[in-house]
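Notes for the one structure printed next.
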Amino acid sequence: MCNKASKKKGLYILTGYILIKYKVRKMTNDIIQNPVQYFINQITPEIIASSITFLVLILLALIFGYALGYIVSTIIKKISKTKKLEINLVKYGAVTSNLWESMINLVSEYLKWLILLMSVDMIFTHYGIVIISQVSNFLIRLFALVICTIIGILLGGVAYKITKDFLISVGLERELGKHHLADSMAGISVSTIVAFIVKWYIVLLFLTTGLQIFKPVIFINEDTKIVLLAGMEKLTNYVPQAMLGIVIILVSIIISDFVSEHIKSRTTKFSDMYALSSEIIIISIGALLALPHFGVKNTYFLEYSFIILVAGISMGIAIAIGMSFKERIKDIDKT
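Numbering (the working numbering), first residue to last: 3 to 337.
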């Protein structure tokens, strides 16, 4: 019984071996005799099936991505174009109505096509194609930069209005107007200048944050890369410091004009000379304080020049006062 089962099993193995050997030999003969026909018969159907599957998946991803992007875009437009929200933003000086509408249209349309691209990228990534992934990652970071810039513009606009209204409410314009300081600033009010600086300082802060997220580098391969907006981050770090330097200079000009007007109003014999000297000294001090904010680190030469200038002005004033006293003493002796 056991011997019969072993013979039967051996027969099956022998038959399978003969069939496999026959098929391998036949396949080898087919490849040798007509390789092109074998390729068409055996491999082409698999390629066609894979291609059709890939195209169907891409088509489905396009439809799904566009539908999802359209829904998200519509929701953003509905929420952002709420009349109450727009009125409040315009009221607090964040944006104008036209600018707000342009921002909303830009964000919604950008997001719609970004979602479409991300949907297609999922299919490409599944098949090991990464070029679309690099583009979508770049566009996502760019979207973050756009959002940071928009937030900076909105907050900067609000800060502009709050700063200007606060300076006017505390009577700064009224007090400075008595000394005609607006005339010395080309007719622009001090509150407008300060508010303008505050606004763009905030915008630049958010722009810098957006650039840090953006990291504008596209890697082609391990050895090749494209750096976009090279040096922009350094510029955005420099500009706020430069604006602070401008503020210091403006404050020194305002103070010098204020002091000069007060000295001239006393109608003393050398009031004009005193006024000019005080203006030069105050503005020079402001310039020395502002220069480091413009990237000028070595100010020793200017400091010593300033000391010599002050010494010269002081000596000139002392000589003038001495000459004045000499004339008065002569008049007293004559009497």
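Note that beta-carbon positions come from the ideal geometry of N, C-alpha and C, so glycine has one too. For clarity, every value in this text was computed on a predicted model and none was experimentally measured.
Pair within 9 Å by beta-carbon distance, residue i and residue j
i: L213; j: S193; result: no
i: I134; j: V122; result: yes
i: I199; j: V249; result: yes
i: L118; j: F145; result: no
i: G247; j: F296; result: yes
i: L108; j: V148; result: yes
i: M120; j: G67; result: yes
C-alpha distance - residue i paired with residue j, whole-angstrom precision
i: E111; j: K79; result: 10 Å
i: I33; j: T55; result: The predicted position of I33 is uncertain, since its pLDDT is 48 and thus under 50; no value can be drawn from it.
i: V172; j: M124; result: 58 Å
i: Y24; j: Y129; result: Any reading at Y24 needs caution, since the residue's pLDDT is 49, under 50, leaving its predicted position unreliable; the model's value is listed next. Roughly 36 Å between the two C-alpha positions.
i: A292; j: A197; result: 19 Å
i: G159; j: Q243; result: 20 Å
i: L59; j: S99; result: 42 Å
i: I367; j: W202; result: Residue 367 is absent from the structure shown; the chain starts at 3 and stops at 337.
i: K83; j: L91; result: 11 Å
i: T127; j: I81; result: 33 Å
i: K93; j: D167; result: 13 Å
i: I257; j: D274; result: 16 Å
i: E103; j: C150; result: 17 Å
i: S52; j: T210; result: 46 Å
i: S267; j: K236; result: 47 Å
For residue i, the nearest candidate out of the options (CA to CA)
i: L278; options: V298, A292, P294, I255; result: I255
i: S191; options: S82, T165, S280, V97; result: T165
i: A338; options: Y162, L252, M245; result: Examination of residue 338 is not possible in this model, given that the chain is present from 3 through 337 alone.
i: M245; options: D274, I195, I257, S280; result: I195
i: L116; options: L57, A69, L290; result: A69
Stretch-stretch touch, CB-based, cutoff 8 Å, three pairs: the region 198-206 with the region 153-165:
yes
Three or more C-beta pairs closer than 8 Å, one from the region 134-144 and one from the region 85-105: is that the case here?
no
Indicate whether the contact test is met: 3 or more Cβ pairs, each with one atom in the region 256-264 and one in the region 283-295, closer than 8 Å.
yes
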